[in-house]
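Below is one structure, written out as structure tokens, with a few remarks after it.
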Amino acid sequence: MSKPKLAYYLAGGCGGCDIAVVDLSETLVDVALQLDIVFWAPTVADAKYKDLEAMPDGSIDVGLVSGNVRNSEHEHIVKVMRQKCKVLIAFGICASCGGIKGLVNLHTTEQLLDKAYINTFSTDNPEKILPQTTVVVDGKYELTLPSLMDARPLDQVVKVDYYVGGCPPYHEHIGKAFMALLSGQLPPSGSWITMGKAVCEVCNRNPVLQGKSKKFATTVKRTIDGPPSEDGCLLEEGYLCLGPVTQGDCGSKCPSANVPCRGCGGPIPGVKDFGLRAISAIASMLDNEELVDQIPDPVHLFYRYTLPSSFLGKKIKR
Amino acid sequence: MAWEPRLIVIACHWCTYAGADLAGSLRYSYPPTVHIVRVPCSGRVEPEFIAEALIRGADGVFIGGCHFGDCHYKEGNYKAIRRFNLFKRVATELGVEPDRIQLEWISGSEGKKFAESMTAFDAKIRELGPNPLKGGAQ
Ligand code: SF4
Ligand code: SF4
Ligand code: SF4
Ligand code: FES
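If you read the protein sequences in the order shown, they are chains A and B. Numbered per my numbering, the first sequence spans residues 239 to 556. Numbered per my numbering, the second sequence spans residues 3 to 140.
Set out below in structure tokens:
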């Protein structure tokens, strides 16, 4: 049997997901030997978009897309990826739900350009030059840049077969996901590749796993308000940990490092809108109503990784 | 055709729903724009229900539960108000007009209060006009 063909495209992401795949080190050596990487742009392999465009439709077995869809170039290439790949995977929380970079949707393009190119303290741009989609150099060479759009998760642009959470996905989880892919042991199309447990269920701070019950939080704390206890539940102590509603494929990495889970693993099975379920879970764990108003900046807390995939976030009034 | 609001009222079976019933038997009138959905307890109302109603075409969502101390499941309504208030904070920041979503405690004996609350809610939504979020569903 010939080796399965793999393509990887980094759209509106940071490259962290690419690095996470590369970092698989030993596992990847095994996996890489079993795979024929036909395209990996713009990072790891020296491949051009036209190479991908020239491949026959459906000729690639698995395509991974990391990053959200944020400009016209991303939109074009993810459509090409969909045509060429039999199975298309939203890899990482940016591709799956918009990611932390999806928070751009809270602002207009004008506000963002203004901040990035004019108003930042360290920016020196007296002529207020902003990126343009076309510019003519020396009166004859036309150069173009993609145009910006609202950030979208991959499935708002093309059909997605599988989702992998994490920012970036945890390496052991990636290893398992690749093994599942190679052995054809995949869940039904449209699902998340996950062990299906919440962060809480694999967290060694969880009182329930020690036969105790979870107590209500009687205060609201931020991580800068001092360190939590060694082994108590962060949520009980008032740190707003989103472990109850987040897929725990990372093995509860943040709580074991004294940091509350922020939800990068994506929503637990059955949840369509991460932030809404997180609101519900956290509100139910608070001891009294006053605490609700003490939560600082709830939009960034509950939608840190998933705003573009939210019910209400698609129609934000700005 | 002139726009008529669509109001979704999520009512607890033990109190607000019974209050609506009583309003009916006592012949208090309230606007026909009200569509009641019965739930076992206001603690059953997830923020998803409200958000989904809003993007699927509701112009306003009203949640009715038992007064404190009266919830059949003891603390369902305490949960309900915490979730509701937190949801409202987030929804408002995302551009939903706060008056489109409301929570009130109406008991089974408060038929008149039910009718009055519905009339007031209908009037408020008419003032706000059609919900701009309509059609936001995937
Ligand atoms: S999910 Fe995280 S690591 Fe991956 S591209 Fe997005 S921001 Fe980077
Ligand atoms: S809320 Fe956070 S700290 Fe508490 S058990 Fe869940 S994951 Fe662990
Ligand atoms: S604990 Fe939560 S935020 Fe941290 S890596 Fe795991 S899923 Fe992501
Ligand atoms: S039973 Fe009515 S609010 Fe709980």
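Glycine included, each C-beta is placed from N, C-alpha and C at the ideal position.
Exercise. Kindly list, in the order they appear in chain B, the residues whose Cβ is closer than 9 Å to that of residue 550 of chain A.
Key: 53, 56, 57, 92, 93, 96, 97, 98, 135 and 138
Self-check item: Reduced DSSP category for residue 365 of chain A - H, G, I as helix; E, B as strand; rest coil
Solution: Look at residue 365 of chain A here: in three-state DSSP terms it is coil, with no helix or strand label.
Practice problem: For residue 73 of chain B, verify whether its CB is less than 7 Å away from any heavy atom of ligand 3. | Solution: no
Quiz item: With distances taken between CB atoms, is the gap from residue 437 of chain A to residue 327 of chain A smaller than 8 Å?
Solution: no
Quiz item: By Cβ distance, which residues of its chain are closer than 6 Å to residue 94 of chain B, with the 5 residues on each side in sequence left out?
Solution: 100
Quiz item: Could you give the residue range of the beta strand (DSSP E) that holds residue 104 of chain B?
Solution: 103-107
Quiz item: Run through DSSP, which three-state label would residue 64 of chain B get?
Solution: strand
Quiz item: Given that residue 540 of chain A touches chain B, what residues does it touch there, using C-beta distances under 8 Å?
Solution: 92
Practice problem: Let me know if residue 5 of chain B comes out buried or exposed under the rule of 16 or more other beta-carbons within 10 Å of its beta-carbon. | Solution: Its Cβ having fewer than 16 others within 10 Å, residue 5 of chain B is exposed.
Quiz item: At what residues does the alpha helix (DSSP H) containing residue 87 of chain B begin and finish?
Solution: 78-95
Quiz prompt | Runs of alpha helix (DSSP H) wholly within the region 510-549 of chain A (minimum 4 residues, chain order) | solution = 512-522, 528-532 and 536-540
Quiz item: Taking 7 Å as the cut-off, does the CB of residue 119 of chain B come closer than this to any heavy atom belonging to ligand 2?
Solution: no
Quiz item: What's the call for residue 272 of chain A, buried or exposed, on a 16-neighbour Cβ count within 10 Å?
Solution: exposed
Practice problem: Could you tell me if the beta carbon of residue 52 of chain B falls within a distance shorter than 7 Å of some heavy atom in ligand 1? | Solution: no
Exercise. Pick out whichever of A:364, A:283, A:526 and A:249 has its Cα sitting closest to the Cα of residue 457 of chain A.
Key: That would be A:526, whose Cα lies nearest to the Cα of residue 457 of chain A.
Practice problem: Could you check which residue in A:247, A:274, A:256 and A:297 has the C-alpha nearest to that of residue 420 of chain A? | Solution: A:274
Quiz item: What does the shell around ligand 5 hold, if a residue joins when its beta-carbon is under 5 Å from any heavy atom?
Solution: With respect to small molecules bound, the structure shown includes ligand 1, ligand 2, ligand 3 and ligand 4 and not ligand 5.
Exercise. Identify which residue in B:96, B:69, B:90 and B:56 has its Cα closest to the Cα of residue 11 of chain B.
Key: The residue with the shortest Cα to Cα distance from residue 11 of chain B is B:56.
Quiz item: Between A:508, A:484, A:390 and A:505, which lies nearest to residue 498 of chain A when the distance is taken from Cα to Cα?
Solution: For the residues A:508, A:484, A:390 and A:505, the minimum Cα distance to residue 498 of chain A belongs to A:484.
Quiz prompt | Span of the alpha helix (DSSP H), counted from its first residue to its last, around residue 473 of chain A | solution = Element bounds for residue 473 of chain A: n/a, residue is neither H nor E.
Quiz item: Measuring from the CB of residue 308 of chain A, is there a heavy atom of ligand 3 at a distance below 7 Å?
Solution: False, no ligand heavy atom lies under 7 Å from that Cβ.
Exercise. Using 10 angstroms around the beta-carbon of residue 367 of chain A, count the other beta-carbons present and answer buried if the total reaches 16, otherwise exposed.
Key: exposed
Quiz item: Taking Cβ-Cβ distances shorter than 9 Å, what residues in chain A pair up with residue 89 of chain B?
Solution: Near residue 89 of chain B (Cβ distances below 9 Å), the residues of chain A are 514, 517, 518 and 521.
Practice problem: Give the interface partners of residue 49 of chain B over in chain A, defined as CB-CB distance under 7 Å, in chain order. | Solution: 514, 517 and 518
Exercise. Within 10 angstroms of the Cβ of residue 465 of chain A, are there 16 or more other Cβ atoms? Answer buried if so, exposed if not.
Key: With fewer than 16 other Cβ atoms within 10 Å, it is exposed.
Self-check item: Under 7 Å (Cβ pairs) to chain A, residues found in the region 72-88 of chain B
Solution: 81, 83, 84, 85, 87 and 88
Quiz item: Which same chain residues, not among the five before or five after residue 342 of chain A, have their C-beta less than 8 Å away from its C-beta?
Solution: 308, 350, 388 and 389
Self-check item: For residue 247 of chain A, three-class secondary structure by DSSP
Solution: strand
Quiz item: Sorry if obvious, but does the Cβ on residue 547 of chain A come closer than 7 Å to a heavy atom of ligand 1?
Solution: no
Practice problem: To the nearest angstrom, report how far apart residue 318 of chain A and residue 291 of chain A are at their CA atoms. | Solution: 7 Å
Quiz prompt | Residues near residue 140 of chain B by beta carbon distance below 6 Å, same chain, minus five either side | solution = Low local confidence applies: a pLDDT of 35 at residue 140 of chain B is under 50, so the model's placement there is unreliable, and no value is given.
Quiz item: Comparing the CB of residue 500 of chain A with every heavy atom of ligand 3, is any distance shorter than 7 Å?
Solution: yes
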